[in-house]
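Let me begin by presenting the structure, written as structure tokens, before commenting on it.
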Amino acid sequence: MVHSADIDKDAIIPSQIVIKTVTVDVHIFTVGRSVKEEELEKLYGQWGLKHADPYLLAALNRTDATFADEHPIGTQWKDEKGKWHYFILGSSKSMHDELHRNGTWSSRCWFAGIPAAIPESFH
């Protein structure tokens, strides 16, 4: 499934007001089984995708607010120390442990990616 979303990227630092708008194709997919963080990272690379960040997931949710209700959608990233972090949209807090546990994503989770060729400043 591919969605297009218009993304307004506001600068995080209040003193620097920069607004950029770009339209990107967002690829939404499920692996169909549980998948470890490292394996999911490899799949993104094989498919030529980069992870959608939480802001893009929120923008996507604005275009179709019901999708994440039935299909929890998540993303992950590593910090500068190599520790994985994740974000899940569309599920209750109590469900998060079921959807992502001990470095493994549940088969119920969906993911979003953008083409790897999109400039870093737009995601």
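If you want this note's numbering, it's the 1-based position in the sequence shown plus 46.
Beta carbons are placed, not taken as given, at the ideal position from N, Cα and C, and that holds for glycine.
- Assigned secondary structure, proline 161 (DSSP; H/G/I helix, E/B strand, else coil): Counted from its first residue, the sequence shown places residue 161 at position 115. Residue state for proline 161 is assigned as strand, using DSSP reduced to three classes.
- Nearest-angstrom Cα distance between threonine 69 and threonine 150? Locating residue 69 in the sequence shown gives position 23, where the first residue counts as 1. Locating residue 150 in the sequence shown gives position 104, where the first residue counts as 1. So the two alpha carbons sit approximately 31 Å from each other.
- Query: glycine 120 lies in the alpha helix (DSSP H); which residues open and close that run?
  - Reply: The residue you call residue 120 lines up with position 74 of the sequence shown. If you look at glycine 120, you'll find it isn't in any alpha helix (DSSP H); it sits in the beta strand (DSSP E) that goes 119-124.
- What is the rounded straight-line gap between the Cα of glutamate 116 and the Cα of leucine 135? Against the sequence shown, residue 116 aligns to sequence position 70. Against the sequence shown, residue 135 aligns to sequence position 89. Rounded to the nearest angstrom, the two C-alpha atoms are 11 Å apart.
- Message: Buried or exposed, going by whether 16 or more other CB atoms sit within 10 Å of the CB of alanine 162?
- Response: Working through the sequence shown from its first residue, we reach residue 162 at position 116. Residue burial annotation: alanine 162 is exposed, with fewer than 16 other C-beta atoms found within 10 angstroms of its C-beta.
- Task: Thinking alanine 158 and leucine 106 are a contact (beta carbons under 8 Å), I'd like their distance in whole angstroms, please.
- Result: On the sequence shown, residue 158 is found 112 positions in, with the first residue counted as 1. On the sequence shown, residue 106 is found 60 positions in, with the first residue counted as 1. About 7 Å separates the Cβ atoms of alanine 158 and leucine 106, confirming a contact at the 8 Å cut-off.
- Item | Spatial neighbours of phenylalanine 133 in its chain, beta-carbon cut-off 6 Å, leaving aside the 5 residues before and after | For the purposes of this step, residue 133 is identified with residue 87 of the sequence shown, where counting begins at 1. For phenylalanine 133, where only same-chain residues beyond five positions count, the Cβ hits under 6 Å are Pro100 and Thr121.
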